[in-house]
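**Q** Residue 105 in full-length UniProt numbering sits at position 105 of the sequence shown; the count goes up by one each step and never skips. Yeah, the Cβ is synthetic: ideal placement off N, Cα and C, and Gly gets one too.
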Amino acid sequence: MVISSAPTQKKSKLQQDESAQEKDYRFMTALERGLSVLRIFPPGNRPLGNAEIAKAVGLPKATVTRITFTLTKLGYLRYDTERRKYQLGPGVLSLGYNVLAQMEIRDTARSMMRELADYADASIYLAVPDGTDMVYVEACRAPTSMVIRLGVGSRVPMAQTSIGRCYLAALPKIEREKLLERIAKTYPKTAWTRVRKEALGEIAAAEKRGYAVTIGGWISESNSAGCVIRRGDGYPVYAINVGGLASLVNERRIHSDLGPRLVKLARQIEKAAISLD
Numbered sequence: 001m002v003i004s005s006a007p008t009q010k011k012s013k014l015q016q017d018e019s020a021q022e023k024d025y026r027f028m029t030a031l032e033r034g035l036s037v038l039r040i041f042p043p044g045n046r047p048l049g050n051a052e053i054a055k056a057v058g059l060p061k062a063t064v065t066r067i068t069f070t071l072t073k074l075g076y077l078r079y080d081t082e083r084r085k086y087q088l089g090p091g092v093l094s095l096g097y098n099v100l101a102q103m104e105i106r107d108t109a110r111s112m113m114r115e116l117a118d119y120a121d122a123s124i125y126l127a128v129p130d131g132t133d134m135v136y137v138e139a140c141r142a143p144t145s146m147v148i149r150l151g152v153g154s155r156v157p158m159a160q161t162s163i164g165r166c167y168l169a170a171l172p173k174i175e176r177e178k179l180l181e182r183i184a185k186t187y188p189k190t191a192w193t194r195v196r197k198e199a200l201g202e203i204a205a206a207e208k209r210g211y212a213v214t215i216g217g218w219i220s221e222s223n224s225a226g227c228v229i230r231r232g233d234g235y236p237v238y239a240i241n242v243g244g245l246a247s248l249v250n251e252r253r254i255h256s257d258l259g260p261r262l263v264k265l266a267r268q269i270e271k272a273a274i275s276l277d
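(1) Are A225 and A169 closer than 8 Å when you measure CB to CB?
(2) Distance check for G75 and G216, CA to CA, integer angstroms please.
(3) Could you name the residues of the same chain whose beta carbon sits closer than 6 Å to that of M134, not counting the 5 residues immediately before and after it, in chain order?
(4) What whole-angstrom Cβ distance do R83 and P60 have, given they're in contact under 8 Å?
(5) According to the neighbour-count rule (16 or more other Cβ atoms, all chains shown, within 10 Å of its Cβ), is L248 buried or exposed?
(6) Can you look up T132 in the DSSP assignment and give me helix, strand or coil?
(7) Per DSSP, what kind of secondary structure is G244 in: helix, strand or coil?
(8) Tell me which same chain residues have a C-beta within less than 6 Å of the C-beta of A272, skipping the five on either side of it?
(9) Skipping 5 residues on each side, what residues in its chain have a beta carbon closer than 7 Å to that of L258?
(10) Pull up the distance between the alpha-carbon of L31 and that of L150, whole angstroms please.
(11) CA-CA distance, D80 and V152?
(12) So is Y25 buried or exposed if we call it buried at 16+ other beta carbons inside 10 Å?
(13) Do you know whose CA, among L265, T29, A266 and P129, lies nearest L171's CA?
(14) State buried or exposed for T68, treating a residue as buried only when at least 16 other CB atoms are found within 10 Å of its CB.
Encoded structure:
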């Protein structure tokens, strides 16, 4: 367990997670630290140095240096000798591919997602929850879609996006409250007060209408709607959203057209997924 050099310094999210897990003898902190390093690399795989990584994960630079050396030896990171920075390596790609290959729902949903993307002139994403984020596992975009193009593997914040808020809305209340407590630790206190208020308002609305909405917010020039996809017993396992430029995907169009279409699409995917089991 990391001991802060400054006793009054606030613990990082990783240190808080370690404190919560330390009572369980089965939990391997060293492995958690290694995985946390892999998770912080941004979309586009921008190179990061040990100092940047250490700051992002809240660990001493010396510890991070050992972790990155090991991950490089194993093929999960690549070291750029000129810039003296790291990027994700082929080993990560092979792990991700194996996970995606097991998700038959992607093949089932793709054609239906494409149809809605073309109709809406927007982007459609399928995602799974991972910690406090949602991770995209399938993407379909209209040729004219001009919003930031996130791809498979991209992470988006659960509390600030329609695809995350619809998932939160579908969780059992106690489970949702525990997850929101975890999410709160990833935000500065003042920022979380605002994010929490917005998220709770939309979660309540999503429980009634069947889909969540984000107007601006995480990506200021875009709007989106998200709907959960449940497994046979009703538990939420995936989420899907439709999003695009605010000028095309405006709030009125979401509620009168795209939101209901998205709910219908989610139910169709659920039905098709059950037949795969």
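**A** So, from the data block:
(1) no
(2) 39 Å
(3) A127, V156, M158, I163 and G164
(4) At roughly 22 Å, the Cβ-Cβ gap does not stay under 8 Å, so R83 and P60 are not in contact.
(5) L248 comes out buried.
(6) coil
(7) strand
(8) T108
(9) A120, A225, V242 and V249
(10) 28 Å
(11) 25 Å
(12) Taking all protein chains in view, the Cβ of Y25 is surrounded by fewer than 16 other Cβ atoms within 10 Å, so the residue is classified as exposed.
(13) P129
(14) buried
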